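Below is one structure; the comments refer to it alone.
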Ligand code: SF4
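Residue numbers (our numbering), protein chains in the order written: chain A, 23 to 242; chain B, 866 to 1334; chain C, 2 to 264.
Here it is in structure tokens:
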């Protein structure tokens, strides 16, 4: 008997060989997610964007955040970020249209992220207010390594893509073919492996800066 | 995998005599305990979430064959290759074979307790494949040539001073400054090029999502992506109990897992992998393999340990265990330490050689209280004691003693007499309110005083009082 | 019947309580038994001390010797079944009867059912006084400070936490100094402390240090086993903290020698 069959038979035996009705299992599984709102952690603020920012900048996530009115202001925001830290205007830019279409004059751009890249700029598909997380999908315009190699990671996220809870992300993508890789990123890379004390910049970025564009009901 | 041949008690004695170990344990588990407590106050519905989590896992276990097949179907549809392994050996052989087929010289590994369980590090080393542990703690374990001592912080047994010494000795460009930040930097430098030049990456999974065939992994360091993205082949090993119906269920479980493990709300990186590189993708592996491992899990199902299959490997039980906090993880001798390890190790390694583990517990119930999926760990441990008793593995002296005790205690008059005599004997050794030098009390009096009994038993005095009335 | 009485919080006639003194109190510290007797009587119970009582069977049960535990469980049930309530000054013995008898007798449904029904009427002393009898001690005075250790079985199997504190709060002159890690096991664990004495010692050593740090003069608790363990360690390290069972203080009977003092 193949390992697969041995295991499946052993499970059936262990469970008492009861018959399984897929529809009933499905209903039961769905029921287990009923009434979720009553068992979720509270959001930090009333407004979605405020709640998101409060979480992103809370000590638990320890990232920084700012708001801009429209994406066209992003290059200026990046400029300010670099200047404040005395960094050169050499950035890796994610090859995604919302970023590539902006006016980056004054910057030296490239789209391959080097292993010791100082700063990379990316765009997240969603923000999550519950946890202050950013969601990335791998794809033609999203190299996954770009989120992990740079020391500084600057991420743009549109206010109207900020979702209240992690479950809302699951709901928003239910039924779609998943990308190879979904990354839910919450703050900079960290480790507590030496005596439990948190140190940022373990293998991934040491600094995460989130730029929120527009308002929840604007399309910009 | 067995720690040398020392007995549990001998290993415990060594651990108790090691003050550095105790410092290291307290620093890590103490922080974890405090942070978890804060996280609980910030999530008032945690109890309800815990009940939900328990039900989700129970539901999956009750329909495990159904979910495994659904997962397999969807994983294959996403382009993954699914393998099944009955035993640890079978699992690690599959992984080694896949590495060889990929012509792998160097593999990078993301920490996975299942990998430890199936002896993967050893199997890779044996096969002559260079193994790079990318999780900082596993890196420390690898440098130190020892084994993980905690399921969340594998290098918990090392103080920062020890880590610093090791890095200085073994890193190519070690840190200069004596800070934890500088040490982390040193590891970052040391590992960076290895991430990018490996041929195969191996990771575990915290959850397997049945409805998409995706696997879910949580890390804080970001090493999972750096590890699993560049190589041509990515292999995931996972226990068959890791299934959840969908991402929504995984999220409900994640809320429990992370808070219980580290006190954070989510890990820095929550990652879902689904199949190999897709058309148009900028990066990612060309081959994606999933090895589903039984290794005793179906036996647990059969042998009354179903509850243990809920375990999500958060480590809260050990962080809150008074015994673990004195001994650390190595003493347990198996892959998994602490209360959950004491339940699992007799399963993996046999009861006869690990019968101490279920006994070395005060049954205080704290582990069950903090377990995010409400596993009745003390009950399971007592289950092992029961079995050990029935299989005749318990020492004769204990069997004899308890037999006599029961004989006497089920005969009240004999019992009264026995107690009265015992009290009088103890009184013979009374020195100022403490029993001193009485044979048979050495285990107690080696470490603490034994308070002397009163001159007569309660029952004797009570009867006299009644008569007097 | 008793539940109705409990619900209205008043008894038409005093409840008949069977006192289980526990084997440890019987042999080692009868004063705890007499204090319990007094408290139950003050609370308005008709208390009897059945002569046939012995041991609850926990040592056997926790050693894995389920058959012997079942023998003693049956004996306990037969001895106490006739009472309205069974009360013991120990969370661990009551935890055994309430939470584990049914398990020990699982092979015998009729007995398991009897165990379950008796378990519902079996109480740890502090919780019985507060939750069932709504009792508070009057005119008890003790000018000193105490710290309190919550023994594990009482705390986790029976939810005993607030009750002893509420009762002790009524003792005039007595102040509570919180114990760091009050809900952390003391390392006693029944047979554990003699099977793994070195580990047990390391645990109780930390406990004794925490007790000393509390700055209290007295250590109180609700389980004699744990108290003997902690008192024994405190004595060995030369601490001046004196240990009593909470019942002794509540009954105004803490004037005598503490645990481990000459009587
Ligand atoms: S037994 Fe419970 S507390 Fe322990 S690791 Fe497993 S899930 Fe966590």
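Beta carbons: idealized from backbone N, C-alpha and C, even for Gly.
As the structure is a prediction and not an experimental result, all values here were calculated from the model.
A distance criterion of 8 Å places the beta-carbon of residue 1205 of chain B in contact range of the ligand SF4, judged by its closest non-hydrogen atom. Take the alpha-carbon of residue 1177 of chain B and the one of residue 1118 of chain B: they are about 8 Å apart.
By the CB criterion at 9 Å, residue 1237 of chain B and residue 1121 of chain B fall inside the cutoff. The DSSP assignment places complete alpha helix (DSSP H) segments of no fewer than 4 residues inside the segment 882-934 of chain B at 884-906 and 911-927, in order along the chain. Residue 898 of chain B and residue 1188 of chain B have their alpha carbons spaced roughly 15 Å apart. Excluding the 5 residues flanking it on each side, residue 56 of chain C has same chain C-beta neighbours closer than 7 Å at 24 and 73, in chain order.
Taking 8 Å as the cut-off, the C-beta of residue 1237 of chain B counts as close to a heavy atom of the ligand SF4. At a beta-carbon threshold of 7 Å, the residues of chain B lying near residue 263 of chain C are 1297 and 1298, ordered along the chain. In the DSSP assignment, the residues bridged to residue 178 of chain A are A:145 and A:233. For residue 79 of chain A, the nearest beta carbon of chain B is not closer than 9 Å to its own beta carbon. Separation of residue 44 of chain A and residue 97 of chain C (C-alpha to C-alpha, rounded to the nearest whole angstrom) is 42 Å. Contact check between the segment 208-220 of chain A and the segment 149-160 of chain A: three or more CB pairs, one atom from each, fall below 8 Å, which counts as touching. DSSP, reduced to helix, strand and coil, places residue 208 of chain A outside both helices and strands of the structure shown, so it counts as coil.
Rounded to the nearest angstrom, the Cβ distance from residue 1106 of chain B to residue 1162 of chain B is 6 Å, consistent with a contact under 8 Å. Using a C-beta cut-off of 8 Å, the segment 968-982 of chain B makes contact with the segment 1048-1063 of chain B, since at least three inter-stretch Cβ pairs fall below that distance.
Nearest to residue 1271 of chain B by C-alpha distance, out of C:149, C:129, C:18 and C:76, is C:76. Not flagged as an interface residue toward chain C: residue 910 of chain B, since no C-beta distance is shorter than 9 Å. Distance from the C-beta of residue 1125 of chain B to the nearest heavy atom of the ligand SF4 is below 8 Å.
Between the alpha carbons of residue 250 of chain C and residue 109 of chain C lies a distance of about 41 Å. Inclusion of residue 186 of chain C and residue 92 of chain C in the CB contact set at 9 Å is not warranted, their separation being larger than that value. Approximately 15 Å separates the beta-carbon atoms of residue 223 of chain C and residue 138 of chain C; this is outside 8 Å, ruling out the contact. Contacts with chain B (Cβ-Cβ distance below 9 Å) from the segment 117-128 of chain C involve no residue at all.
At a cut-off of 9 Å between beta carbons, residue 134 of chain C makes no contact with chain B. Straight across, the Cα-Cα distance linking residue 18 of chain C with residue 36 of chain C is about 15 Å. Between the alpha carbons of residue 62 of chain A and residue 1285 of chain B lies a distance of about 59 Å. The distance from the Cβ of residue 172 of chain C to that of residue 142 of chain C is about 7 Å, consistent with a contact at the 8 Å cut-off.
Between the segment 896-915 of chain B and the segment 1192-1206 of chain B, the count of C-beta pairs closer than 8 Å stays below three; the two stretches do not touch. With a threshold of 8 Å, the Cβ atom of residue 1176 of chain B counts as near the ligand SF4, since some heavy atom of the ligand is closer than that.
Assignment of beta-bridge partners to residue 949 of chain B by DSSP yields B:1157. When 8 Å is used as the limit between beta carbons, residue 1109 of chain B is near no residue of chain C, the shortest such separation being about 29 Å.
Near chain B, meaning a CB-to-CB distance below 9 Å, the residues of the segment 228-242 of chain C are 228, 229, 230, 231, 232, 233, 234, 235, 236, 237 and 238.
Of all residues in the segment 1211-1230 of chain B, the ones placed with a Cβ closer than 9 Å to any Cβ belonging to chain C are 1221, 1223, 1224, 1225, 1226, 1227, 1228, 1229 and 1230, in chain order. In terms of CA proximity to residue 113 of chain A, A:104 leads the group A:166, A:57 and A:104. The closest heavy atom of the ligand SF4 lies 8 Å or more from the beta carbon of residue 921 of chain B. Placement of the Cβ of residue 1115 of chain B at a distance of 8 Å or more from every heavy atom of the ligand SF4 is found.
Relative to the non-hydrogen atoms of the ligand SF4, the Cβ of residue 54 of chain A never comes closer than 8 Å to any of them.
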